[in-house]
Structures are given as C-alpha cells and as structure tokens.
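Colleague: My questions all concern the structure below.
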Amino acid sequence: MTRRLEPGRLVLATHNDGKLREIRGLIGPFGFDVLSAGELGLPEPEEHGTTFEENARTKAMAAMQATGLPALADDSGICVDALEGAPGVHTADWAETGNGRDFMMAMRTVEERLRALGATDPAERRAAFVAVLCLAWPDGHCEFFRGEAPGHLIWPPRGDLGFGYDPVFVPDGHDRTFGEMSAAEKHGWTPGDAEALSHRARAFKLFAHDCLGVT
Ligand code: IMP
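For the sequence shown, my numbering gives the first residue as 337, with consecutive numbering after it.
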C-alpha cells in the first residue's frame with residue numbers, strides 16, 4: 337500500500353546535476369519545497385548494491401536519516417543487450433578517471449566493446465536506460481518506481497543538451513538522441529499524460545500516480 341505524499345519539504349537524494357535538473361523539472365508542478373543532498377552538503381553514500389533498487393534505497397535512506405525528511409533518490413544507468421546488460425549499475429563507474437568523471441571516455445568504451453563484437457547494425461546495438469526512484473519516508477518505509485526507455489546506441493555522439501550517455505542513445509520511435517532533445521522532449525510527459533518517454537519520466541509517472549495522486 338503506497339502512501340500519499342503531501343506537498344512540503346522533500347530531499348532529492350542526489351549529487352548529480354543532470355538528474356537533479358530533470359527531477360526538479362518533473363516535480364516542479366506539485367508545489368514541493370525541494371532541497372538536494374548536494375546543496376545540503378550531505379556526504380555521498382557508497383553504492384555497493386547489485387541492483388538499481390538496492391542503490392536507490394541506500395541513497396534515499398542516507399538522505400532521509402541525515403535530514404529527518406522524506407527523501408527521493410534515483411539510481412539509473414544504461415544496459416546494453418550485446419554487453420549482457422553492462423554497464424548497468426556500474427554506468428557511472430565506467431566514466432571514473434580517478435580524477436572526476438569523463439562521459440566521453442565512458443561512451444567510447446561502450447563503443448569499442450560493441451565494435452569488438454562486430455555490432456554495427458542498430459538491431460545489434462539495442463540498449464535501455466533504466467531508472468529506479470526510491471522514496472524513503474521518515475519512519476524508514478521505502479517505495480520503489482522503475483522506468484525503462486528502450487532504444488539503440490549510435491556513434492559518433494550527437495547533441496549537448498542532456499548529460500551522461502544521452503548523446504549516444506536514440507529512444508525507440510525517434511531518430512534523434514536524448515542529447516539532441518530539450519528536457520521537456522526527453523521527459524515526453526507532463527502531469528496527466530498517458531505516456532512518458534525517458535526512463536526517469538516513466539518512473540516519475542508511477543511515483544506521481546501512487547504518491548501524488550496524479551491520475
Ligand atoms: P548513479 O545512478 O549515480 O549510479 O549514476 C547513473 C549514471 O547513469 C549517471 O552518472 C549517468 O552517466 C547515467 N545516466 C542515468 N540516467 C541518464 C540519463 O537520463 N541520461 C544520460 N545518462 C544517464
């Protein structure tokens with residue numbers, strides 16, 4: 337049984353500016369006083385989970401425990417079929433240089449692995465972005481919402497409007513990458529819409545239905 341979240345203070349348990357921008361945009365119409373873990377100076381918890389759900393829970397619980405407020409976390413990544421679901425929960429790790437994150441390097445690593453397999457046709461380059469949102473309530477109760485956006489990977493990268501791996505991902509039904517779409521196009525959803533496009537907006541739509549009463 338999900339619980340209704342009334343507008344008030346809500347912590348977004350993320351230090352990722354791209355995610356923060358997108359979730360702020362999605363939750364904007366609902367009148368919450370949104371604070372982010374990064375802006376509050378909360379430490380970034382280590383993620384040791386083997387599933388998006390475990391990692392989302394770790395982040396939401398850490399932010400909830402530090403603030404006493406309900407906290408919403410996003411754990412996400414890209415799963416490439418030909419790479420048996422990699423990088424998956426390690427999507428951010430593939431960009432780690434030891435001195436920050438380099439997503440061009442991470443996208444090139446994925447491309448090199450696909451080329452090593454001879455995967456040049458879009459059908460051999462299937463991938464899905466996955467996002468799991470976890471809402472942690474102050475009493476420790478957690479709820480999960482999963483969204484997936486299927487598509488394929490292209491090379492070279494195109495567009496600089498998004499973040500992370502957006503420039504190499506073309507969602508099904510489109511011919512432009514997420515990196516070539518505005519945030520509104522990438523979400524493909526506003527409250528009340530039947531469909532959403534991005535993994536994050538698909539997960540958010542479920543959250544909005546269950547916790548915010550959006551029909
Ligand atoms: P984590 O959830 O903090 O482990 O990191 C997820 C990583 O997946 C991010 O650092 C991004 O590189 C990537 N990612 C997740 N969602 C998106 C998206 O919407 N566009 C592009 N990259 C994404």
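Glycine residues also receive a C-beta, built at the ideal position from the N, C-alpha and C atoms.
For L488, which residues does DSSP report across the bridge?
Modeller: As a working mapping, residue 488 is identified with position 152 in the sequence shown. The amino acid occupying residue 488 in the given sequence is His; Leu does not appear at that position. Paired residues: R462, V506.
Colleague: How about P365 and T551: do their beta carbons lie closer than 9 Å?
Modeller: To locate residue 365, count along the sequence shown from 1; it is residue 29. To locate residue 551, count along the sequence shown from 1; it is residue 215. Contact: no.
Colleague: Just the C-alpha distance for H545 and T338, rounded to the nearest angstrom, thanks.
Modeller: Position 209 of the sequence shown, counted from the first residue, corresponds to residue 545. Position 2 of the sequence shown, counted from the first residue, corresponds to residue 338. Going from the Cα of H545 to the Cα of T338 covers about 10 Å.
Colleague: Does at least one heavy atom of ligand 1 sit under 8 Å from the Cβ of T427?
Modeller: Taking the sequence shown and counting its residues from 1, one reaches residue 427 at position 91. It does: the Cβ of T427 is within 8 Å (strictly closer) of some heavy atom of ligand 1.
Colleague: In three-state terms, what does DSSP make of D423?
Modeller: Start at 1 with the first residue of the sequence shown, and residue 423 comes out as number 87. Here residue 423 is Pro; the residue named in the question, Asp, does not match the sequence. In the structure shown, P423 sits in a strand (DSSP, three-state: E or B).
Colleague: When you compare only the Cα positions, how much space is there between V446 and W430?
Modeller: Along the sequence shown, read from residue 1 onward, the residue named residue 446 stands at position 110. Along the sequence shown, read from residue 1 onward, the residue named residue 430 stands at position 94. Distance between the alpha carbons of V446 and W430: 9 Å.
Colleague: Under three-state DSSP, which class holds G483?
Modeller: For this step, residue 483 is matched to residue 147 along the sequence shown. G483 falls in the strand class under three-state DSSP.
Colleague: I need the boundaries of the beta strand (DSSP E) containing D496, first residue and last residue.
Modeller: Start at 1 with the first residue of the sequence shown, and residue 496 comes out as number 160. No beta strand (DSSP E) contains D496, which DSSP labels as neither H nor E.
Colleague: Do H477 and ligand 2 come close, with the Cβ less than 8 Å from some heavy atom?
Modeller: In the structure on display, ligand 2 does not appear, and the ligands it does have are ligand 1.
Colleague: Using DSSP with H/G/I as helix, E/B as strand and the rest coil, what is V550?
Modeller: Within the sequence shown, the letter at position 214 stands for residue 550. Three-state DSSP puts V550 in coil, outside helix and strand.
Colleague: Which of helix, strand or coil does DSSP assign to R340?
Modeller: Within the sequence shown, the letter at position 4 stands for residue 340. Correct three-state label for R340: coil.
Colleague: Give me the DSSP bridge partner(s) of D529.
Modeller: The residue labelled residue 529 in the question sits at position 193 within the sequence shown. Bridge partners of D529: none, in fact.
Colleague: Give the straight-line distance between the Cα atoms of L362 and F543, rounded to the nearest whole angstrom.
Modeller: Within the sequence shown, residue 362 is the residue found at index 26, counting from 1. Within the sequence shown, residue 543 is the residue found at index 207, counting from 1. If you take the alpha carbons of L362 and F543, they lie about 11 Å apart.
Colleague: In whole angstroms, what is the alpha-carbon distance linking K355 and V506?
Modeller: Position 19 of the sequence shown holds residue 355. Position 170 of the sequence shown holds residue 506. Going from the Cα of K355 to the Cα of V506 covers about 18 Å.
Colleague: CB-CB under 8 Å to P381, same chain, minus the five flanking residues each way: which ones, in chain order?
Modeller: Counting from one through the sequence shown, the residue named residue 381 turns up at place 45. T394, K395, A398.
Colleague: As a quick exercise: from R345, G515, C415, F499, pick the residue whose alpha carbon is nearest that of S372.
Modeller: Taking the sequence shown and counting its residues from 1, the one referred to as residue 372 is at position 36. Of the listed residues, the one whose Cα sits closest to S372 is R345.
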